[in-house]
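Peer 1: Handing you this structure, nothing more for now.
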Amino acid sequence: MSEPMSQPIQDQTDAALIEGLTTPSPRQRRAKPPLHWADASEEERATIIAELGLPKFRLGQVNGHYFSRYEADPASWSDLPLTARDALCAWFPTLQDLVTNVSADRGTTIKSLYRMFDGVLVECVVMRYGLRHDLTPGKNGIRSTLCVSSQAGCGIGCPFCATGQAGLTRNLSGGEITEQIRLAAALLEGGNVPGGPGRLNNIVYMGMGEPLANYDAVMGSVRAAVEGFGISARGITVSTSGLVPRIADLAREGLPLTLAVSLHAPDNELRDELVPINRRWPVGQVLDAARAYFEVTGRRVSIEYALMRDINDQAERAIMLGRELNSRGRGWVHVNLIPLNPTPGSKWTASRRADEAEFVRRLELARVPVTIRDTRGSDIDGACGQLAARHSES
Ligand code: SAH
Ligand code: SF4
Numbered sequence: 470m471s472e473p474m475s476q477p478i479q480d481q482t483d484a485a486l487i488e489g490l491t492t493p494s495p496r497q498r499r500a501k502p503p504l505h506w507a508d509a510s511e512e513e514r515a516t517i518i519a520e521l522g523l524p525k526f527r528l529g530q531v532n533g534h535y536f537s538r539y540e541a542d543p544a545s546w547s548d549l550p551l552t553a554r555d556a557l558c559a560w561f562p563t564l565q566d567l568v569t570n571v572s573a574d575r576g577t578t579i580k581s582l583y584r585m586f587d588g589v590l591v592e593c594v595v596m597r598y599g600l601r602h603d604l605t606p607g608k609n610g611i612r613s614t615l616c617v618s619s620q621a622g623c624g625i626g627c628p629f630c631a632t633g634q635a636g637l638t639r640n641l642s643g644g645e646i647t648e649q650i651r652l653a654a655a656l657l658e659g660g661n662v663p664g665g666p667g668r669l670n671n672i673v674y675m676g677m678g679e680p681l682a683n684y685d686a687v688m689g690s691v692r693a694a695v696e697g698f699g700i701s702a703r704g705i706t707v708s709t710s711g712l713v714p715r716i717a718d719l720a721r722e723g724l725p726l727t728l729a730v731s732l733h734a735p736d737n738e739l740r741d742e743l744v745p746i747n748r749r750w751p752v753g754q755v756l757d758a759a760r761a762y763f764e765v766t767g768r769r770v771s772i773e774y775a776l777m778r779d780i781n782d783q784a785e786r787a788i789m790l791g792r793e794l795n796s797r798g799r800g801w802v803h804v805n806l807i808p809l810n811p812t813p814g815s816k817w818t819a820s821r822r823a824d825e826a827e828f829v830r831r832l833e834l835a836r837v838p839v840t841i842r843d844t845r846g847s848d849i850d851g852a853c854g855q856l857a858a859r860h861s862e863s
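In our numbering, the protein residues as written are 470 to 863.
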């Protein structure tokens with residue numbers, strides 16, 4: 470397990486605990502990603518332009534290149550004078566190099582592995598939906614979703630998750646997260662995905678890392694997505710293992726983001742094992758925070774539940790889950806069942822079809838809305854962190 474989680478969870482204050490999940494290891498502490506245009510707020514960008522001695526209208530031009538045309542090399546911006554381009558280069562360092570793109574589902578799922586400035590590996594996945602069998606757009610049009618990483622590794626240590634196995638290496642900067650978004654948007658617009666050129670519609674913070682343990686950088690990238698790239702906040706989902714105080718913070722942001730809570734078990738005994746942060750913020754507190762999020766934002770919360778054979782897929786647990794959710798009211802939540810994507814060498818595996826069907830039936834009997842997530846990219850190390858884990862070994 471990674472260094473920050475080595476202290477027993479019960480002995481720490483909330484602040485120390487979140488700090489532990491947020492603080493990089495000493496080796497990484499020396500090296501910070503270079504500052505990028507995407508790290509700055511709009512106000513700070515205006516200051517940068519002023520400090521470079523450029524007229525105010527240049528701000529719109531630079532943002533136009535970066536946020537509307539997904540261009541990040543000022544050297545090619547011929548509508549700006551050479552001196553301005555030179556000066557701006559310092560604000561557009563290369564934050565990540567592509568190691569490999571792996572595609573699946575006939576090219577409609579593309580997983581990209583990036584090496585960051587300090588060598589850490591981070592992955593993200595683009596998925597296109599709405600194509601017919603012949604890969605032409607269906608009658609409802611196409612949609613595209615990006616799954617982004619918020620940290621290199623993760624300090625929560627869920628035993629079934631490839632990212633959790635390696636522990637936390639470091640937080641990604643807001644710029645590093647935003648760059649994942651820009652590169653995906655550019656990939657889609659460039660017509661590199663079946664279905665032809667199209668926009669990025671949705672972002673899910675479900676790649677490597679615990680987004681709420683890297684709150685400021687994640688929110689910076691959310692703002693860049695909404696205000697910069699023009700992606701609807703309703704199309705953005707932040708997934709968390711259950712950092713209760715941070716769920717409350719997210720509710721206060723005044724943005725209609727979707728909150729996804731990775732529950733995976735309705736009882737503390739099992740969840741303590743599956744999602745170790747549960748020892749600090751148990752099921753009841755996490756669900757209360759999720760319900761409060763719905764109250765404040767009006768956004769229906771998604772409960773993520775990875776079905777694991779003979780671990781959490783029993784009918785009694787479906788009944789217990791329905792009871793826990795319904796005891797907090799109706800219409801505020803839906804359950805997203807995820808067939809487990811086994812990580813190499815782990816004892817955890819996906820549920821049997823019959824058990825999965827029975828789990829769904831029990832939730833439906835309790836009148837809890839439930840869907841089963843499609844297993845996009847399972848043949849390309851689809852579960853979070855698997856591709857990066859494989860490359861770190863080799
Ligand atoms: N750390 C955050 C977000 C990243 S993980 C969180 O845990 O919510 C995104 C989702 O993938 C979570 O619901 C997580 O539990 C799930 N997941 C992790 N490993 C998985 C695996 N091997 N198979 C299926 N889902 C997995
Ligand atoms: Fe971290 Fe999420 Fe993986 Fe758990 S499931 S180890 S919280 S990335």
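Each residue gets a CB set at the ideal place from its N, CA and C atoms; glycine is no exception.
Consult DSSP for M675 and reduce its assignment to one of helix, strand or coil.
Peer 2: Residue 675 sits at position 206 when you count from the first residue of the sequence shown. It is coil, neither helix nor strand.
Peer 1: If you scan the segment 650–732 from start to end, which runs of the beta strand (DSSP E) of 3 or more residues do you find wholly inside it?
Peer 2: Qualifying beta strand (DSSP E) stretches, in chain order: 671–674, 705–709, 727–731.
Peer 1: Have a look at R639, E785, L564 and flag the residue whose alpha-carbon is nearest the alpha-carbon of M677.
Peer 2: Within the sequence shown, residue 677 is the residue found at index 208, counting from 1. The shortest Cα separation from M677 among R639, E785, L564 belongs to R639.
Peer 1: Measure the CB-CB distance between A775 and I807 and report whether it falls below 8 angstroms.
Peer 2: Start at 1 with the first residue of the sequence shown, and residue 775 comes out as number 306. Start at 1 with the first residue of the sequence shown, and residue 807 comes out as number 338. For A775 and I807, yes; Cβs fall inside 8 angstroms.
Peer 1: Can you find a heavy atom of the ligand SAH that lies under 7 angstroms from the Cβ of Y674?
Peer 2: Along the sequence shown, one-based indexing puts residue 674 at 205. Because some heavy atom of the ligand SAH lies under 7 angstroms away, the Cβ of Y674 counts as near it: yes.
Peer 1: So, at 8 angstroms on beta carbons, what are the nonlocal neighbours of I865 in its own chain, with the 5 sequence-adjacent residues on each side left out?
Peer 2: There is simply no residue 865 to check, as the chain begins at 470 and stops at 863 in what is shown.
Peer 1: Rounded to whole angstroms, what's the CA-CA distance from C627 to S815? Just pull it up for me.
Peer 2: For the purposes of this step, residue 627 is taken as residue 158 along the sequence shown, with counting starting at 1. For the purposes of this step, residue 815 is taken as residue 346 along the sequence shown, with counting starting at 1. For C627 and S815, the distance between alpha carbons rounds to 12 angstroms.
Peer 1: Between the C-alpha atoms of G643 and S690, what's the straight-line distance to the nearest angstrom?
Peer 2: Numbered from its first residue, the sequence shown carries residue 643 at position 174. Numbered from its first residue, the sequence shown carries residue 690 at position 221. Computed Cα separation, rounded: 5 angstroms.
Peer 1: Are there 16 or more other CB atoms within 10 angstroms of the CB of E679, so buried, or fewer, so exposed?
Peer 2: Taking the sequence shown and counting its residues from 1, the one referred to as residue 679 is at position 210. E679 should be labelled buried.
Peer 1: Among R821, V770, T818, which one has its Cα closest to the Cα of G800?
Peer 2: By one-based count along the sequence shown, residue 800 stands at place 331. Ranking R821, V770, T818 by Cα distance to G800 puts V770 first.
Peer 1: Could you tell me which of V755, D824, A686 sits nearest to S510, measuring between CA atoms?
Peer 2: Locating residue 510 in the sequence shown gives position 41, counting from the first residue. When only C-alpha atoms are compared, the closest one is A686.
Peer 1: Straight-line CA distance for D736 to I780?
Peer 2: Locating residue 736 in the sequence shown gives position 267, where the first residue counts as 1. Locating residue 780 in the sequence shown gives position 311, where the first residue counts as 1. So the alpha carbons of these two residues sit roughly 12 angstroms apart.
Peer 1: Report whether the distance from the Cβ of I780 to the nearest heavy atom of the ligand SF4 is below 7 angstroms.
Peer 2: Walking along the sequence shown from the start, residue 780 turns up at place 311. No; taking the cut-off as 7 angstroms, the Cβ of I780 has no heavy atom of the ligand SF4 nearer than that.
Peer 1: Tell me which residues share the same chain as M938 and place their Cβ nearer than 6 angstroms to its Cβ, disregarding the 5 neighbours each side in the sequence.
Peer 2: Outside the displayed span of the chain (470 to 863) sits residue 938, for which this structure offers no information.
Peer 1: Quick test of your reading: Q620 and N683, contact by CB under 8 angstroms. State the CB separation rounded to the nearest angstrom.
Peer 2: Taking the sequence shown and counting its residues from 1, one reaches residue 620 at position 151. Taking the sequence shown and counting its residues from 1, one reaches residue 683 at position 214. Confirmed, Cβ separation roughly 5 angstroms.
Peer 1: What residue ranges within the segment 584–627 form continuous beta strand (DSSP E) runs of no fewer than 3 residues, ordered along the chain?
Peer 2: Runs of the beta strand (DSSP E) inside the segment 584–627: 590–598, 612–616, 620–622.
Peer 1: Taking DSSP as the reference, what is the three-state secondary structure of E773?
Peer 2: By one-based count along the sequence shown, residue 773 stands at place 304. E773 falls in the strand class under three-state DSSP.
Peer 1: Apart from the five residues on each side of it in sequence, which residues of its chain come closer than 8 angstroms, Cβ to Cβ, to L564?
Peer 2: Counted from its first residue, the sequence shown places residue 564 at position 95. The answer, listed in chain order, is P502, P503, H505, M585, F586, S642, G644, E645, E648.
Peer 1: Residue ranges of each alpha helix (DSSP H) run of no fewer than 4 residues wholly in the segment 750–821, ordered along the chain?
Peer 2: 752–766, 784–795
Peer 1: Beta-carbon separation of L719 and R768 under 8 angstroms?
Peer 2: Taking the sequence shown and counting its residues from 1, one reaches residue 719 at position 250. Taking the sequence shown and counting its residues from 1, one reaches residue 768 at position 299. Not closer than 8 angstroms, so no.
Peer 1: Closer than 7 angstroms: is that where the CB of A775 sits relative to any heavy atom of the ligand SAH?
Peer 2: In the sequence shown, residue 775 corresponds to position 306, counting from 1. Checking the Cβ of A775 against the ligand SAH gives yes.
Peer 1: Do L551 and V531 have their C-beta atoms within less than 8 angstroms of each other?
Peer 2: By one-based count along the sequence shown, residue 551 stands at place 82. By one-based count along the sequence shown, residue 531 stands at place 62. Going by C-beta atoms, L551 is not nearer than 8 angstroms to V531.
Peer 1: Which value, in whole angstroms, describes the spacing of the CA atoms of E827 and A631?
Peer 2: Position 358 of the sequence shown, counted from the first residue, corresponds to residue 827. Position 162 of the sequence shown, counted from the first residue, corresponds to residue 631. Taking the straight line joining both Cα atoms gives about 28 angstroms.
Peer 1: Which first and last residues belong to the alpha helix (DSSP H) in which V531 is found?
Peer 2: As a working mapping, residue 531 is identified with position 62 in the sequence shown. First-last of the alpha helix (DSSP H) with V531: 527–532.
Peer 1: Can you give me the Cβ contacts of V695 inside the same chain, cut-off strictly under 6 angstroms, excluding the 5 residues immediately before and after it?
Peer 2: Along the sequence shown, one-based indexing puts residue 695 at 226. Here the set comprises A702.
Peer 1: Three-state secondary structure (DSSP) at V744?
Peer 2: By one-based count along the sequence shown, residue 744 stands at place 275. In the structure shown, V744 sits in coil (DSSP, three-state: anything other than H, G, I, E or B).
Peer 1: Using the three-state DSSP reduction, which class does Q497 fall into: helix, strand or coil?
Peer 2: Residue mapping note: residue 497 aligns to position 28 of the sequence shown, counting from 1. For Q497, the predicted model reports a pLDDT of 49, less than 50, meaning its position is unreliable; a value from the coordinates is still stated below. Of the three classes helix, strand and coil, the one that applies to Q497 here is helix, per DSSP.
Peer 1: In three-state terms, what does DSSP make of L567?
Peer 2: By 1-based counting over the sequence shown, the position of residue 567 is 98. If DSSP states are grouped into helix, strand and coil, L567 belongs with the strands.
Peer 1: Assign R538 to one of three DSSP states: helix, strand, or coil.
Peer 2: Position 69 of the sequence shown, counted from the first residue, corresponds to residue 538. Of the three classes helix, strand and coil, the one that applies to R538 here is coil, per DSSP.
Peer 1: If you compare alpha carbons, which of R749, G636, L549, F561 is closest to V589?
Peer 2: Within the sequence shown, numbered from 1, the residue matching residue 589 stands at position 120. Nearest option by C-alpha distance: G636.
Peer 1: Would you give the residue range spanned by the beta strand (DSSP E) that T638 belongs to?
Peer 2: By one-based count along the sequence shown, residue 638 stands at place 169. Where T638 is concerned, the enclosing beta strand (DSSP E) stretches over 637–640.
Peer 1: Going by DSSP, which residues form a beta bridge with T578?
Peer 2: Locating residue 578 in the sequence shown gives position 109, where the first residue counts as 1. For T578, which the question treats as bridged, DSSP gives the partners A573, M596.
Peer 1: Using 10 angstroms around the beta-carbon of S796, count the other beta-carbons present and answer buried if the total reaches 16, otherwise exposed.
Peer 2: Here residue 796 refers to the residue found at position 327 when the sequence shown is read from its first residue. Under this definition S796 is an exposed residue.
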